[in-house]
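The sequence shown stops at residue 381 when you use this note's numbering, and every number in between is there. Written out below as structure tokens is the structure these notes cover.
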Amino acid sequence: FIGHRKTDLYCSGLDTCGEGDEASGREPESVLDKTIATLVGCEVVLCSKIGYEPWGKLEASGMQPNDEHALEPSEDAVLAVYRAN
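Structure, rendered in structure tokens:
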């Protein structure tokens with residue numbers, strides 16, 4: 297474990313998961329795209345309630361999503377993943 301990276305919430309309600317910000321007047325960058333850009337360089341990303349699209353995009357970006365320890369304290373989850381690798 298080297299550090300943590302702050303990202304925006306991907307889902308913020310029943311109707312808003314991953315939409316982009318269209319206020320800029322150019323092609324909106326989705327929350328998912330921004331999140332993946334923030335996480336570039338991470339080998340493993342600890343996840344909770346991750347869907348198929350985000351999972352696939354993380355893998356396509358060279359990161360391994362892991363939801364095996366989703367409800368555990370972060371420190372315990374990081375240690376478990378470290379020990380498994």
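Glycine included, C-beta positions come from ideal geometry on N, C-alpha and C.
Here the C-alpha atom of Glu364 lies approximately 20 Å from the C-alpha atom of Ile332. At the C-beta level, Asn362 and Val341 come within 9 Å of one another. Counting along the chain, Pro350 sits inside no beta strand (DSSP E); it lies in the alpha helix (DSSP H) bounded by residues Tyr348 to Ala356. The beta carbon of Ser357 sits closer than 6 Å to the beta carbons of Ile332 from its chain, once the five residues preceding and following it are set aside; these are given in chain order.
Annotated three-state conformation of Val341 is strand, per DSSP. Taking 9 Å as the cut-off, the beta carbon of Cys343 is found no closer than this to the beta carbon of Arg301. Note on Ala380: under 16 other CB atoms within 10 angstroms of its CB, so exposed under the neighbour-count rule.
Its chain contains Ser344 as the residues whose beta carbon lies nearer than 6 Å to that of Ala366, once the 5 sequence neighbours on both sides are disregarded; these appear in chain order.
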